[in-house]
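A short worksheet on the structure shown next.
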Amino acid sequence: MLFAVLSVLWFHASAQITVTAATFPVVGDTFRYALDLNPTGTNFITPAGGPQMWDFSNLQFGQTFETIYQSPDSGMHKADFPGAELMQNGGVGESYYNVTNAKVELLGYAGGDPANLGVNVKARFVPPVIERRSPVKFFDSYNQTSDLSIPFSTDSLPAALLANIPGANLVDSIRIRINFQRFGIVDGYGDLKIPGLGMPTPVLREKRTEYTTTNIDVHSFLGWIPLPAGTIGGLSDFLGTDTTITYRYMSNTHKEDLALVTVSADESTVETVRFKNIDMLTPAPTVDAPGAASVQAFPNPAIQWVRFDCKNLPADDYTLKIFNIVGKVVWKETHYIAGKRSITVDLEDFKKGTYLYSLVNQDGTIIGTKRLVIVKP
């Protein structure tokens, strides 16, 4: 009897893997992902512990994308990030990373400002944000705080923005302050199945909770003064604290996270699942047949506003969602629609870049998922 108990304990202990620095990205790596924008039919959030079996093999290829790691020498802002060993070009900016045997850390970013003020920035995280660690074992935990401070001269800011600041004639600078708090715990282990993977693969699951708090200060002869939320028109939604909760499924044989489940702040809803695109599949192009239920964005690319034209819809409650390129819901509204309806969204609070939009009925059926491009003059 004792031998049987010890055998079970040994089996469970041996099933726990250790994720090492061998999974860290290097120059030349291309990580390929797919994104399920409306994951259903699977219990994506399970209690902590292990061993567990997570069967995500029914995930849908809503969108696909790549992350390419390049040499910093190919970046335009290498000189601003000495010591960087990797660069990732996200289309609207460059991110620079330092890599050691123990961690991959984000040093900073150069490109469009995070508050969408219409200026380019070069910003360093203090201290750098640790994106990956080694070694990682079951029940490991960590927490980290990092700050980003980005000052601007008022000479570089749009006149329309300055017009909304009380006492703007006395202000010579504006500063964005962003505080990042990240808490992580490796709370589960077991085997994971995703499309194209074949056999279940041993993984560790990390629950990561991030709090991003954003403030804006103005500088005058009185020094730096925090600007209350709502003072600058169009930025009230940007200020304050945003909570992001994800579950990462890490393998010791694949460099990419095999799956990344993003949930709502209260963990009641699974918003998206990003997973490794093993077979390098691409979603079939969407063609709206005449008379079929559909949603279409106009104009696209959009600048100040976008209108979503919904047509031929059976009477129901429909949720229109806009996602950023990594699958986080950045806007959503629910409307009762019978037949057709147009929904207009003000894009003042959106940064330029590529987004996805999706219309879903009350039963979770996707009416359509398409790309939306937002440009800023």
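With my numbering applied, the sequence shown covers 1 to 377.
Even glycine gets a Cβ: it sits at the ideal position worked out from N, Cα and C.
Bear in mind that the values here come from a model prediction, so they are computed numbers and not experimental data.
With contacts defined by Cβ atoms closer than 8 Å, Val-261 and Phe-61 do not form a contacting pair. One thing to note: Leu-86 has its Cβ no nearer than 8 Å to the Cβ of Ala-123. The alpha helix (DSSP H) runs of length 4 or more contained entirely in the region 174 to 230 do not exist; there are none.
Between Thr-214 and Ile-178, the CB-CB gap stays under 8 Å. When beta bridges are read from the DSSP output, His-77 appears opposite no residue.
One alpha carbon belongs to Phe-138, the other to Tyr-69, and they sit about 28 Å apart.
Its Cα nearest to that of Ser-57, the residue Arg-274 stands out among Arg-175, Ile-176, Val-19 and Arg-274. In the three-state reduction of the DSSP assignment, Asp-155 falls in the helix class.
Taking C-alpha positions only, Asp-191 is separated from Arg-205 by approximately 10 Å. CA-to-CA, the gap between Pro-299 and Asp-346 works out to about 12 Å.
Listed as beta-bridge partners of Met-280 by DSSP are no residues whatsoever.
According to the DSSP secondary-structure assignment, Phe-298 is paired through a beta bridge with Arg-307. In the three-state scheme derived from DSSP, where H, G and I count as helix and E and B as strand, Thr-23 is classed as helix. Its chain contains Asn-215, Ile-216 and Asp-217 as the residues whose beta carbon lies nearer than 8 Å to that of Pro-226, once the 5 sequence neighbours on both sides are disregarded; these appear in chain order. In the structure shown, Leu-258 adopts coil according to DSSP, grouped into three states.
Fewer than three pairs of CB atoms, one per stretch, sit closer than 8 Å, so the region 68 to 83 makes no contact with the region 312 to 330. Counting only the Cα atoms, Gly-93 lies some 15 Å from Glu-66.
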